[in-house]
Amino acid sequence: MEQAIREELELRLKRLQAQEACRNLMGRYLFGHPAFDNLDYIESWAKRDDDILEMPWGTYESFEGVKNCYLHDHGDRSLPETYNTLGGALFLHEADTEVIEVAADGMTARGCWLSGGQETFVMQDFSRKTGDAMGTWEAEWAWSKYAVDFICEDGEWKIWRMRLYPLFKAPFGKSWVEEKQPEPEDWSFDEIVKRPELPWWTYGPDKIYPANEPEPPKPYNTYADVGYCL
């Protein structure tokens, strides 16, 4: 009896530690976003062939796909060809209202977050004479939600599968009520990703906020019981 109680308490402690590890992992992930530390992003991910990263413009599959998203489509500040284009660019995305559930077996976890944010894009135009970037800046609101599956890999918690749910985008000086929301094909990242199979919900004056996109995770025993259903 004492042995059983001890094992139950140890598992409870393991799950609490896992929850805190996942919370910190998500925090570090978003702290790196405005600095374009995308090489660090990659280290947050499990090195697995069944990784999934779903962005508003399409889906990246496997760890190699995740690397393509961050290094090919976004770029890292450590790369000279990327660093020279980052002046004025600023992406800030917060994560709050979290719900995190760790599986009863302590091997996986899943969570979801609301994410308010803003994005400042630099539309670059390089001078042929000097090579200097002469860009125009565009600031916009960019609100979304994150749904994330985590897995313990070699004793460390890692991001396994992530889906970003867009809510609305709008120029800083305009209301999102007035703006047509972007569609997947409006983004140019279409050479190495699959387009979403289902349309994303984004704000519109005639739309009602969905109740289950994503559905906050509920207690579960093993990942096989729930699968990838964020």
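Its first residue numbered 1045, the sequence shown is counted upward by one per residue in the working numbering. We put the CB at the ideal spot given by N, CA and C, even for glycine.
As the crow flies, the alpha-carbon of Asp1093 is around 43 Å from that of Gly1217. The three-state reading of DSSP puts Gln1225 in coil, since its state is none of H, G, I, E or B.
Going by beta carbons, Pro1078 and Leu1136 fall inside the 8 Å limit.
Taking Asp1193 as reference, the option from Gln1061, Glu1087 and Met1070 with the minimal CA-CA separation is Met1070. When the beta-carbon positions are compared, Pro1210 and Glu1184 stay at least 8 Å from each other. By the CB criterion at 8 Å, Val1110 and Leu1097 fall inside the cutoff. Exposed is the label assigned to Ser1219, since fewer than 16 other Cβ atoms lie within 10 Å of its Cβ. Scanning its chain for C-beta atoms nearer than 8 Å, with the 5 sequence neighbours on each side dropped, one finds around Thr1141 the residues Trp1157 and Leu1158, in chain order.
Of the residues assessed, Val1237 falls on the buried side of the cut-off, its CB having 16 or more other CB atoms within 10 angstroms. Glu1138 has its alpha-carbon roughly 24 Å from the corresponding atom of Tyr1272. Between the C-alpha atoms of Glu1051 and Lys1058 there is a straight-line separation of about 10 Å. According to the DSSP assignment, Arg1205 belongs to the beta strand (DSSP E) that extends over Glu1200 to Pro1215.
The Cβ atoms of Asp1081 and Trp1089 do not sit closer than 8 Å to each other. The C-alpha of Glu1046 is placed about 43 Å away from the C-alpha of Leu1074. With fewer than 16 other Cβ atoms inside 10 Å of its own Cβ, Lys1224 counts as exposed. If you look at Glu1064, you'll find it in the alpha helix (DSSP H) that goes Glu1046 to Phe1075. Between the C-alpha atoms of Ala1255 and Arg1056 there is a straight-line separation of about 30 Å.
For Tyr1267, the enclosing alpha helix (DSSP H) begins and ends at Tyr1267 to Val1270. DSSP, reduced to helix, strand and coil, places Asp1120 outside both helices and strands of the structure shown, so it counts as coil. Boundaries of the beta strand (DSSP E) around Gly1155: Thr1152 to Ser1159. With a threshold of 16 other beta carbon atoms within 10 Å, Glu1145 meets it and is buried. Looking at the DSSP output, Ser1106 bridges to nothing.
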